[in-house]
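Peer 1: Pasting a structure below so you can have a look.
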Amino acid sequence: MYFGLNGFAVGMWVVHIPSIEQKTGITHSTLGLLLLVLGGAAFTGMQVAGPLVDKLGQRRLVPAAGILLGIALAGPGLATNWWTLGLTLILIGFGNGSIDVGMNAQAVVVERGYPRPIMAAFHAMWSIGGAIAAVVGAATLRADVPPEVTLASAGVLCIVLSLVASRFLLEATVPPEDHVEVERARPPAKLVWALGGLAFGLMLSEGVANDWAALHFRDILGTSVSTAAYAYGAFAVAMTVGRFLTDRVAAVVGPAAIVRWGAAMAAVGLTLVIVVPWVPVALVGWAIFGLGLAGGVPQLFTAAGNLDPRSSGALMARVVGLGYVGLLAGPALIGGLAHWMPLNIAFILPVVLCVLTFFGGPVLKKDVN
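Below you can see the structure in the form of structure tokens.
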């Protein structure tokens with residue numbers, strides 16, 4: 298439920314960005330800076346939440362983060378200028394980052410007691426929550442419901458669901474071990490950084506699709522704005538379906554194969570987008586790209602959470618945090634490259650990162666799952 302709740306909260310904010318921008322009277326450039334502030338607050342929330350998960354426990358932190366996110370979600374609708382909007386976005390970012398680490402750590406605990414991998418299905422529920430938000434947000438905007446009413450109502454719903462779902466959370470249990478065994482079992486830092494680096498590359502690639510797929514159709518293939526929307530739609534639907542399928546495949550072939558061959562599939566899909574300037578093939582390319590990226594990040598998060606049960610929150614915060622940096626950096630890097638070369642050529646960057654992930658994937662064959 299927390300994954301769906303998080304996706305719904307983020308989706309409700311995203312859907313209302315244009316109306317909030319108009320209401321507060323801010324410019325596009327100011328909005329861009331405020332979104333960077335939101336991203337920085339989310340990263341900070343992840344790093345703060347990681348150690349707190351280990352100290353206070355997931356059953357305390359996850360509901361608290363969900364409640365904070367629900368309260369903060371009402372803020373943008375009440376903002377009247379850039380600085381009040383900025384303050385509310387700091388709260389949204391911090392709450393989002395905190396719940397992101399906490400719910401992924403909880404998913405690792407649930408998965409340990411399950412007979413097969415299920416992490417990717419949790420991430421699929423995030424996408425479902427975002428899709429529900431898109432439908433609800435579009436309907437309320439069409440009905441001229443004020444954004445402050447819609448966002449406040451969504452915030453109340455998030456708070457209620459956080460409280461209800463808290464009853465079903467599990468607490469991580471770690472068997473006692475002597476000090477020598479704990480020191481010996483502590484995961485090497487280079488392994489944590491390796492997982493974080495792979496997450497960075499895959500989530501950077503995902504961020505590129507989120508922000509640039511539709512623009513690729515409009516600017517490179519010359520489609521209408523309405524047709525351009527299908528590019529991101531193909532990517533998003535394929536990624537959601539792929540996440541529902543990934544767990545059963547991972548149970549058979551293992552997490553390393555999911556990361557490696559998924560990255561290879563993503564590289565092939567985006568290469569089609571780059572080299573074939575025809576809408577039907579490009580649609581297939583974006584879908585293959587989404588399908589390839591679907592399973593890798595959940596496997597990396599599971600691996601991070603299983604490195605050391607005593608500090609799973611802190612370790613996951615590092616890996617999730619690096620991935621989130623990639624998600625934010627990807628669109629900006631592509632935008633910078635697009636000033637110097639055609640947009641489709643700039644997409645070579647995520648292709649290269651996917652190829653590097655293919656070669657780096659065997660790190661998951663270490664005993665981290």
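Numbering (the numbering used here), first residue to last: 298 to 666. Glycine included, every Cβ here is placed at the ideal spot set by N, Cα and C. Computed from a predicted structure; not experimentally measured.
With H, G and I counted as helix, E and B as strand and the rest as coil, what does DSSP make of VAL479?
Peer 2: For VAL479, the predicted structure reports a pLDDT of 49, less than 50, and the residue's modelled location is therefore unreliable. A value from the coordinates is still provided. Helix.
Peer 1: Is PHE532 near ALA584, with beta carbons less than 8 angstroms apart?
Peer 2: Contact flag set, yes.
Peer 1: Where do the ends of the alpha helix (DSSP H) carrying TRP490 lie?
Peer 2: That run of the alpha helix (DSSP H) goes 486-516.
Peer 1: Could you check what DSSP says for TRP637 in three-state terms: helix, strand or coil?
Peer 2: Of the three classes helix, strand and coil, the one that applies to TRP637 here is coil, per DSSP.
Peer 1: Is it right to say HIS313 is buried, meaning 16 or more other beta carbons lie within 10 angstroms of its own, or is it exposed?
Peer 2: Buried.
Peer 1: Whole alpha helix (DSSP H) runs in the region 590-628 with 4 or more residues, listed along the chain?
Peer 2: You should have 593-603.
Peer 1: Going by DSSP in three states, ALA720 sits in which element: helix, strand or coil?
Peer 2: Nothing in the structure corresponds to residue 720, since the chain is present only between 298 and 666.
Peer 1: Would you mind stating whether LEU458 and MET298 have Cβ atoms separated by less than 8 angstroms?
Peer 2: For LEU458 and MET298, yes; Cβs fall inside 8 angstroms.
Peer 1: Does ASN303 come out as helix, strand or coil in the three-state DSSP assignment?
Peer 2: Three-state DSSP puts ASN303 in a helix.
Peer 1: Tell me, to the nearest whole angstrom, how far the beta carbon of VAL594 is from that of LEU488; I am working on the premise that it is less than 8 angstroms.
Peer 2: The Cβ separation is near 17 angstroms, so there is no contact.
Peer 1: Using three-state DSSP, classify TRP310 as helix, strand or coil.
Peer 2: Helix, per DSSP.
Peer 1: Examine the Cβ distances between the region 340-356 and the region 422-438 and report whether three or more of them are shorter than 8 angstroms.
Peer 2: Output reads no: the region 422-438 does not touch the region 340-356.
Peer 1: Just the Cα atoms here: how many angstroms apart are ALA433 and PRO484?
Peer 2: Just to set this straight, residue 433 is Val in the shown sequence, not Ala. If you take the alpha carbons of VAL433 and PRO484, they lie about 44 angstroms apart.
Peer 1: The alpha helix (DSSP H) with ARG672 in it runs from where to where?
Peer 2: Residue numbering for the chain in the displayed model covers 298 to 666; residue 672 lies beyond these limits and cannot be assessed.
Peer 1: Quick one: Cα of LEU448 to Cα of ALA371, how far?
Peer 2: Taking the straight line joining both Cα atoms gives about 5 angstroms.
Peer 1: Can you list, in chain order, the residues of its chain with a C-beta nearer than 8 angstroms to that of GLY308? Leave out the 5 residues immediately preceding and following it.
Peer 2: The answer, listed in chain order, is GLY426, GLY427, ALA428, ILE429, ALA430, ALA431, GLY434.
Peer 1: Can you tell me where the alpha helix (DSSP H) with ASN393 in it begins and where it stops?
Peer 2: First-last of the alpha helix (DSSP H) with ASN393: 379-409.
Peer 1: Evaluate the contact criterion for the region 516-533 versus the region 547-556: three or more CB pairs, one atom per stretch, below 8 angstroms.
Peer 2: No: fewer than three Cβ pairs fall under 8 angstroms.
Peer 1: Which class does ASP351 belong to by DSSP, given the choice of helix, strand or coil?
Peer 2: DSSP places ASP351 in helix when its eight states are reduced to three.
Peer 1: Taking MET562 and GLY602 to be in contact with their CB atoms under 8 angstroms, please state how far apart those CB atoms are, rounded to whole angstroms.
Peer 2: Actually they do not touch by this definition, with Cβ atoms about 25 angstroms apart.
Peer 1: Judging by CA-CA distance, which residue of ASN507, SER521, ARG557 is the nearest neighbour of ALA535?
Peer 2: For the residues ASN507, SER521, ARG557, the minimum Cα distance to ALA535 belongs to ASN507.
Peer 1: For PHE644, name the three-state secondary structure that DSSP assigns.
Peer 2: If DSSP states are grouped into helix, strand and coil, PHE644 belongs with coil.
Peer 1: Should the region 391-400 be regarded as contacting the region 566-574, the criterion being three or more beta carbon pairs within less than 8 angstroms?
Peer 2: Result no; under three Cβ-Cβ pairs closer than 8 angstroms.
Peer 1: Can you tell me which of GLN355, GLY559, LEU375, PRO574 puts its alpha carbon nearest to the alpha carbon of TRP310?
Peer 2: Minimum Cα distance to TRP310 is reached at LEU375.
Peer 1: From what residue to what residue does the alpha helix (DSSP H) around ILE415 run?
Peer 2: Counting along the chain, ILE415 falls outside any alpha helix (DSSP H), and DSSP gives it neither H nor E.
Peer 1: Could you tell me which of LYS352, ALA436, PRO443, VAL405 sits nearest to LYS320, measuring between CA atoms?
Peer 2: Checking every option, the nearest Cα to that of LYS320 belongs to PRO443.
Peer 1: So, LEU598 versus MET416, is the Cβ gap smaller than 8 angstroms?
Peer 2: Per the sequence shown, residue 598 should be read as Phe rather than Leu. Taking 8 angstroms as the Cβ cut-off, PHE598 and MET416 qualify as a contacting pair.
Peer 1: Using 10 angstroms around the beta-carbon of ALA491, count the other beta-carbons present and answer buried if the total reaches 16, otherwise exposed.
Peer 2: By the 10 Å Cβ count, ALA491 comes out buried.
Peer 1: For the alpha helix (DSSP H) holding SER450, just list the boundary residues, first then last.
Peer 2: It spans 444-462 - the alpha helix (DSSP H) in which SER450 sits, taken as one unbroken run.
Peer 1: Mind checking whether GLY539 and GLY623 have CB atoms under 8 angstroms apart?
Peer 2: No, the Cβ-Cβ distance between GLY539 and GLY623 is not below 8 angstroms.
Peer 1: Mind reading off the beta-carbon distance from ALA554 to CYS651? Whole number of angstroms is fine, and I expect it under 8 angstroms.
Peer 2: So it is not a contact: roughly 15 angstroms between Cβ atoms.
Peer 1: Going by C-alpha to C-alpha distance, which of ALA591, LEU467, ILE364, LEU604 sits closest to TYR411?
Peer 2: Selected option, being the one with the closest Cα: LEU467.
Peer 1: One question on the structure: do ALA600 and LEU501 come within less than 8 angstroms of each other, judged by their Cβ atoms?
Peer 2: Not in contact: ALA600 and LEU501 (Cβ atoms no closer than 8 angstroms).
Peer 1: If you follow the alpha helix (DSSP H) that PRO574 is part of, which residue opens it and which one closes it?
Peer 2: First-last for PRO574: undefined, no H or E at that position.
Peer 1: Out of GLU445, VAL350, GLY301, THR327, which has the shortest C-alpha to C-alpha gap to SER316?
Peer 2: The shortest Cα separation from SER316 among GLU445, VAL350, GLY301, THR327 belongs to GLU445.
Peer 1: Closest to PRO414 by C-alpha separation, out of PRO373, SER523, PRO552, HIS325, would be which residue?
Peer 2: Among PRO373, SER523, PRO552, HIS325, the Cα nearest to that of PRO414 belongs to PRO552.
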